[in-house]
Structure formats: structure tokens, C-alpha cells
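Colleague: When we follow the UniProt record's numbering, the leftmost residue of the sequence shown carries the number 1, and every step to the right adds one. I have a structure I would like to understand better, so I am pasting it below and will then ask my questions one at a time.
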Amino acid sequence: MGDDLQVEWQAKEEEVQVRLTAVMAEDQYVAFGLSPVSERAEMLNSDLVVAYYDSTDGSFHAIDYTVTAKSECDGKQGVCPDEKVNGRNDASVIGGERKNGITSITFSRPYQTNDHMDLPILRYSGAITVLAAIGHLNNRKEADYHEDFVTKDNVILDFSSVGDNTCKQRSGNLGQKPRRYEAWAPRILRAVTNFTATIGPTGGERGYSATTKTSSWGIAWWINDKLIPEIFVERGQTYHFTVYGGNNRLNQARYHPLYITNSSVGGFSDKTHAEQQKERIFAGVSYSKMGMPEPTAVGSLCEWRHNGQDAWRISRTFEEYAMTLYPDCHDSHTPGFLVWTVTQDTPDLVYYQCYNHPNMGWKIHVVNNGYKSKREGGNGGGLPSRPPHPLTTGLLLLLLLHLSPLFFLPTLR
């Protein structure tokens, strides 16, 4: 099925046994399952088994998943274990092995599970379209949205054939260790008081994961055209964030309120009450008279998209990578706003995060009033060799128009 994954299966009377062998790190998973669309690999609404090795105790796992949105599971939709959305885990681990960067896991699954979350494996129908992915586990040992490998072609397997069957890889790379990519230089924003927050890709192993040393689920905050920059602020100063993270509450994959917190993970809404009580929030959340939290920095969605395939592997610098993306703004271009006056008791390190999903933001360094910030060019740390991006320019014009209906634009020469 590719250079990084080999699939073997054996038909039994009531079930099929599958062995997945993949080149993957210890914090990664391999997913394999059924496409909901015949003759096309479609991740949305697919039925997957997510298999992984847990290095903490040396155990192997195979978990039944359903995919209802291209986002982390929020308990209702997303990339979710069946058991988390009122389904049942119908995958059973038979055995596993991890050696020299290669993980092999064998599991079984019944042809008919009688679980409404599962797609049936038709015992005698022959060809079935399958799909596979390799991605990172989050801190709950759940699958993040895939990023490293996914079936693109129409891969058809015949689960009705009796005996051992193998979907062979196209080349002999399975015995090799995963390639390591050099991280991009950190992005920094100093001496800036106005920020524009949008959504964009994570930059693979050179970007978010290399910077934070944690996994993401495919998207992250971009601040002033930079992927998760470190921001420096001063106590006693006021800062303004214009937020375009999405305001569709009915589609959690497109709903990303911004907030500022002491949590390096974020995702306040997905935490238990006890976890929320331990978190300190500095801006972006208000509370009702009943004590219920509500995000306040909610705006329409603007995001960076790829011109073709994700180019993080071939982009040696972040500047090169940014040039492969284009801005895509949705809905009414109505921004959300977050105004934050940094108090004297604010800790030295806080984070900007997504209220709805974990692991999308990064660090804010808080320094004393009068700290002499080193300026990095005239654009507050933006791309020095690149003119203002149309996304930033357009958002500023839209913001001015939004704030002042009588605003007059002079003729551009």
C-alpha cells in the first residue's frame, strides 16, 4: 500500500484477521479500514481501526474508530473512538511487535458487528475499497487527524479469499528507519501590539511538532502570517487580536475561538470541570451569572491552504513553505476581537490557544514594563523578503470598513 505500510489479512469463518506493519515512531498510530465510497478512498464517514504501540507499558492496541469530521473528537463528532460516541470497540488485538522503528500489530474484526458505527465487511462480495493513514497520537492516546501518509489511490482488497494475503509495498523501504527532517527556525513577534489570528496547516515535522515537541491534528494558529510564533508582551500594556478562527458552532472542525491561558495544551471546552478549575484564563472567555464559560473571541474563518500537495518536506525554511500557501476566507469576513491588558501578576509564560481544541497555539512571553524588545524588521517579525500578504492586507481593509462605514479609500496608484 506504499513504502511505509504493509497489510496482510486472513479470512476466518466469522472474522477477518489483519496484520499491519508500518514504519512509525512510538508516538504514532497506523489506521486501516473501509471507505464509505466504492472505488474511491474517502476518509470522511470511513470505518477505521487505529492501531498503536504504547511505550509506557509495552502494550499494543487496536481501537475501532469512526470519522465524522476532519477534526479531533469532541465527544460528538470528529475522529472518534466508537466507544466515545455511543458505539462499541469491535477490534481485538491478537499480538504485536516493535523492532528497529517498525511496528507490527495483528487484530481481528467480525464481518458483521451489529454496531451502527461500523461498515460491514461483506464476506463473499470480493473487492472492497480500503484506506490507510499514519499520524500522531495526542496526550490521551487518541488519534489526531492523519498527516504523514494516507491512501490516495483506489486500493481494493478481497477479504473473501481464504488463506494468507498480502498487499505488498511498492519498494523496499519498509526496513528503513523513518527519515528525520530539520526543523524550521522559530518564528518570533516582538514589539507588536496588534495581531491577526487565522488558521493554517501545521508544517508537518518541520513546523508545529518540531517547535512544540507535541503532536497536532492538522491545523494550528497563524499569527501575523506566521505559524505559531512566540509572542513577547509587556506587563501594563494592552494588546489587540483580530480573530478569524471560524464561528460555526454546528461544525466543530470550523469553530476555533481564541483565548489566552496558562495551559500549554488549551482546548478548555473539552476538559472536565475539575480540569477547568485548575486552568487560569487571562482573556477570551467570559462567565455567565450561572458560572458557565463562553468564548468571546469568535470570528469568521480565514485559513491558509495548500497550492496542491503539502510542501513541508521540500521547504527548507518557513519562508519557502509560506509561499506555497494561499489565503481562503469564508462566510461574511466578520472578525472576532480579543483585547488583553496584561496585568502585573501575569506569569512570565502563558499561551494563546483554541478554546475548542487542544494543541493549536504556542507561547506568549510576558516581560516587565519597559523591556527593550529587539525589533526584527519593520513589520514586527513578518517575512522580511516578502511584501504584505493579500490575506493580511485584505483583512485590515475589511476591518477598517467594518469599524467605519464612512471610511474613504483613496485611489491606488
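Built from N, CA and C at the ideal position, the CB exists for glycine as well.
Suppose contacts are defined by Cβ-Cβ distances below 8 Å. Is N369 in contact with G299 by that definition?
Modeller: Result no, Cβ atoms of N369 and G299 do not sit closer than 8 Å.
Colleague: Mind reading off the beta-carbon distance from M43 to L131? Whole number of angstroms is fine, and I expect it under 8 Å.
Modeller: Contact flag correct, Cβ pair sits at about 6 Å.
Colleague: Cα separation between N139 and V16?
Modeller: N139 and V16: Cα-Cα distance of roughly 31 Å.
Colleague: Compare the beta carbon distance of F195 and F241 with 8 Å and say whether it is the shorter of the two.
Modeller: For F195 and F241, yes; Cβs fall inside 8 Å.
Colleague: Taking DSSP as the reference, what is the three-state secondary structure of L383?
Modeller: At L383, the pLDDT of 34 sits below 50, so the modelled position is not reliable and the matter cannot be decided from this model.
Colleague: Going by Cα to Cα distance, which pick from S108, D153, I314 and Y287 is closest to R179?
Modeller: When each option's Cα is compared against that of R179, the closest is I314.
Colleague: From P257, H61, G33 and G101, pick the residue whose C-alpha is nearest to that of W9; which is it?
Modeller: Considering only alpha carbons, the answer is G33.
Colleague: Classify Q344: buried if its beta carbon has 16 or more other beta carbons within 10 angstroms, exposed otherwise.
Modeller: It counts as exposed.
Colleague: By how many angstroms is the C-alpha of G267 removed from the C-alpha of K278?
Modeller: Their Cα atoms are separated by approximately 13 Å.
Colleague: How would you write the range of the beta strand (DSSP E) that S286 sits in, first residue to last?
Modeller: Its beta strand (DSSP E) spans residues V285 to Y287.
Colleague: Look up residue 415 in the DSSP assignment and give the residues it is bridged to.
Modeller: Here the chain comprises residues numbered 1 to 413, so residue 415 is not present and cannot be evaluated.
Colleague: Per the contact definition of three or more C-beta pairs closer than 8 Å, is the stretch 57-68 in contact with the stretch 249-259?
Modeller: With a cut-off of 8 Å, the stretch 57-68 and the stretch 249-259 do not count as touching, because too few Cβ pairs lie within range.
Colleague: Is DSSP giving A41 helix, strand or coil here?
Modeller: A41 falls in the coil class under three-state DSSP.
Colleague: Which of the three DSSP states is assigned to A91 in this structure?
Modeller: Coil, per DSSP.
Colleague: Between the C-alpha atoms of E14 and G96, what's the straight-line distance to the nearest angstrom?
Modeller: Distance between the alpha carbons of E14 and G96 is about 22 Å.
Colleague: For the alpha helix (DSSP H) containing Y29, list its first residue and its last residue.
Modeller: Element bounds for Y29: not the alpha helix (DSSP H) but the beta strand (DSSP E), Q28 to L34.
Colleague: Give the range of the beta strand (DSSP E) segment to which Y244 is assigned.
Modeller: Careful: Y244 lies outside any beta strand (DSSP E) and carries neither H nor E.
Colleague: Taking the C-alpha atoms as reference points, what is the distance between S55 and A69?
Modeller: Looking at the two C-alpha atoms, the distance is approximately 29 Å.
Colleague: Ignoring anything shorter than 4 residues, give me the alpha helix (DSSP H) runs that lie fully in the stretch 303-347, in order along the chain.
Modeller: Qualifying alpha helix (DSSP H) stretches, in chain order: 318-322.
Colleague: Measuring CA to CA, which of G87, N86, G135 and L48 is closest to I121?
Modeller: Of G87, N86, G135 and L48, the residue nearest in Cα terms is L48.
Colleague: Using CA coordinates, which residue listed in C73, Y52 and T21 is at the minimum distance from G218?
Modeller: Of C73, Y52 and T21, the residue nearest in Cα terms is C73.
Colleague: Going by DSSP, what residue range makes up the alpha helix (DSSP H) through A210?
Modeller: It spans Y208 to T212 - the alpha helix (DSSP H) in which A210 sits, taken as one unbroken run.
Colleague: For Y52, which of S46, Q309, P335 and G135 has the nearest alpha-carbon?
Modeller: Minimum Cα distance to Y52 is reached at G135.
Colleague: Check this for me: beta carbons of S104 and T214, under 8 Å apart or not?
Modeller: No, Cβ-Cβ distance for S104 and T214 is not below 8 Å.
Colleague: Identify, in the order they occur along the chain, each residue of the same chain with its Cβ nearer than 7 Å to the Cβ of D82, setting aside the five sequence neighbours on each side.
Modeller: Result list for D82: D64, Y65, T66, R88, N89, D115 and M117, in chain order.
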